[in-house]
Amino acid sequence: MRAELPPAPPALDAGNGRPAPSGRYRGAITDLSTTAWDGGGRRRLQRKGWMYLSASTPRYAVGFAIVDAGLVATAFVYLFDRQSGRLIEEKAAVPFGFPAGFAPDWRGHWQLAQRGRRWQISPRAGGGWQCQYSGPQLQLSLAVEPGGDGLTAISSAPGRPFAHTWKLCALNSSLRFTVEGQTVETPSSSAIDFTLGYPPRSTLWNWASLDGSTDDGRRVGLNLVAHFNNGVENALWLDGELLPLAQACFDYDPRDLTRPWRVTSLDGIVDIRFTPDGQRAERLNALLLRSRFAQPFGRFEGRVGTDRVSGFGVVEEHAALW
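Residue numbers for the sequence shown follow this note's numbering, so the first one is 1058 and each next one is one higher.
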């Protein structure tokens, strides 16, 4: 049964400098202009925007992101081979890497380059996204097909205008990469996270983005967050149908994030065990930005409703002062 979610408002700006009402919505906001709030230094000091895309196969895990954090632009890409245990990672941090007039948009072009490494995200003709990375260790291409309804979440941010994100999980994609002269092409599953807003100066979250299937073959996607956005971005995609979920709980060992995690939802719908295969971790201290980030990637199994589910994805612990 289709979830009862209102359609996303047409614009982030509801008029007179008021943001669109807080809540969760079906679909994406069309007009993403933030000019009503970007004066007085807010564009550089408070506004954050990013595009993150993932790809999973039974053997490989990929993460790809370009971030406009105002005073600094960052990017990363990683490729993990579950069979060999090898992790290849490239990253960049470029002060003022995006111009003052850059307007983050999930339909737009994103690009960042530094010292022979280049990240690009572009819309594909007919819908979807194309990610490209070129660097000394790795050449990677990820073609992500359009999917069904995404989930828009808008929430208040103390002392700042609002926080906003748009998520879409369980997407078909095609992964191609070259390492040490060897090229691999394989079908994959993907998720996208587009965020544009003004998060609190001190922000903490746990996140899970998971893609798998039920025992009877139905496609399952999960986006779950705790400690941030008050649960409004928690959602389940079941065979393309979008269903809202209650607040999520993450039970894990903060001293060792590579040990198993348990992720549940307070409505009792989700109860899964996530087993990391490895992780990407980073500590960033750039200008006025500080970030402690860890993203384990691995496998999950458990229950969604009465269905047994399994698949692949990521969990995350992130603390930022920005």
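Cβ atoms here follow ideal geometry from the backbone N, Cα and C, with glycine treated the same way.
Closest Cα partner of residue i within the set the options
{"i": "A1149", "options": "G1192, C1188, Q1140, F1159", "result": "G1192"}
{"i": "H1221", "options": "P1161, S1247, Q1189, R1337", "result": "P1161"}
{"i": "R1233", "options": "L1225, D1310, G1204, C1188", "result": "C1188"}
{"i": "P1063", "options": "G1098, D1138, A1077", "result": "A1077"}
{"i": "L1323", "options": "V1289, G1297, E1298", "result": "V1289"}
{"i": "R1258", "options": "P1066, R1101, Q1239, L1225", "result": "R1101"}
{"i": "G1158", "options": "N1263, T1091, Q1103, G1120", "result": "T1091"}
{"i": "Y1135", "options": "W1294, A1303, P1244, Q1336", "result": "Q1336"}
{"i": "L1302", "options": "R1316, W1318, N1286, V1327", "result": "V1327"}
{"i": "E1146", "options": "V1119, F1153, L1128, R1349", "result": "V1119"}
{"i": "G1297", "options": "T1321, N1229, P1333", "result": "N1229"}
{"i": "S1266", "options": "T1315, I1329, P1244, E1237", "result": "I1329"}
{"i": "V1361", "options": "W1379, G1080, L1300", "result": "L1300"}
{"i": "Y1117", "options": "W1163, E1242, G1098", "result": "E1242"}
{"i": "L1169", "options": "L1128, P1180, F1155", "result": "F1155"}
{"i": "L1195", "options": "E1237, S1367, A1093, S1113", "result": "E1237"}
{"i": "N1287", "options": "R1316, W1264, D1070", "result": "W1264"}
{"i": "A1338", "options": "A1376, E1061, L1128", "result": "A1376"}
{"i": "R1316", "options": "T1332, Q1304, A1305", "result": "T1332"}
{"i": "P1139", "options": "G1370, L1378, W1379, E1374", "result": "Sequence inspection shows Arg at residue 1139; the Pro mentioned does not correspond to that position. If we check each option's Cα against that of R1139, G1370 comes out closest."}
{"i": "S1247", "options": "F1219, G1205, T1235", "result": "G1205"}
{"i": "L1378", "options": "T1363, R1347, R1365", "result": "R1347"}
{"i": "R1276", "options": "N1291, W1176, R1365, D1313", "result": "R1365"}
{"i": "T1321", "options": "L1314, L1144, R1175, A1305", "result": "A1305"}
{"i": "R1172", "options": "P1115, W1186, V1151, A1182", "result": "V1151"}
{"i": "Q1103", "options": "S1079, T1114, F1219", "result": "F1219"}
{"i": "N1342", "options": "L1128, T1363, D1070", "result": "L1128"}
{"i": "W1176", "options": "G1183, A1182, H1166", "result": "H1166"}
{"i": "L1393", "options": "A1132, T1363, Y1190, T1240", "result": "With the chain covering only 1058 through 1379, there is no way to say anything about residue 1393."}
{"i": "P1115", "options": "N1291, S1141, G1098", "result": "S1141"}
{"i": "D1070", "options": "L1225, S1079, R1099, L1089", "result": "L1089"}
For residue i, three-class secondary structure by DSSP
{"i": "N1073", "result": "coil"}
{"i": "G1380", "result": "The first residue shown for the chain is 1058 and the last is 1379, placing residue 1380 beyond what the model contains."}
{"i": "R1316", "result": "coil"}
{"i": "R1083", "result": "strand"}
{"i": "R1116", "result": "coil"}
{"i": "M1058", "result": "Residue confidence for M1058 is low, a pLDDT of 42 falling below 50, so the modelled location carries little weight and cannot support an answer."}
Those residues which DSSP pairs with residue i across a bridge
{"i": "I1123", "result": "M1108, A1132"}
{"i": "R1347", "result": "N1342, L1378"}
{"i": "V1361", "result": "V1327, D1364"}
{"i": "A1068", "result": "D1088"}
{"i": "P1332", "result": "According to the sequence provided, residue 1332 is Thr. The question's Pro does not apply to it. Answer is R1356."}
{"i": "L1094", "result": "A quick correction: the sequence has Trp, not Leu, at residue 1094. The partner list for W1094 (beta bridge, DSSP) is empty, contrary to what the question assumes."}
{"i": "D1308", "result": "R1319"}
{"i": "E1373", "result": "W1264"}
{"i": "R1337", "result": "Q1352"}
Stretch-stretch touch, CB-based, cutoff 8 angstroms, three pairs: the region 1186–1201 with the region 1280–1288: Contact between the region 1186–1201 and the region 1280–1288 is not established, with fewer than three Cβ pairs separated by less than 8 angstroms.
Entirely enclosed beta strand (DSSP E) segments - the region 1132–1220, minimum 3 residues: 1143–1152, 1167–1171, 1174–1180, 1186–1191, 1196–1201, 1208–1214
contact_flag[the region 1078–1090, the region 1207–1222] where n(CB pairs < 8 angstroms) is 3 or more: Touching, yes.
Stretch pair the region 1101–1115 + the region 1302–1310: three plus CB contacts closer than 8 angstroms: no
Start-end ranges of the beta strand (DSSP E) lying completely within the region 1226–1300, minimum 3 residues: 1239–1254, 1259–1271, 1276–1283, 1292–1295
The region 1269–1278 contacting the region 1121–1131, beta-carbon criterion three pairs below 8 angstroms: no
Stretch-stretch touch, CB-based, cutoff 8 angstroms, three pairs: the region 1243–1258 with the region 1348–1355: Verdict: no, contact absent.
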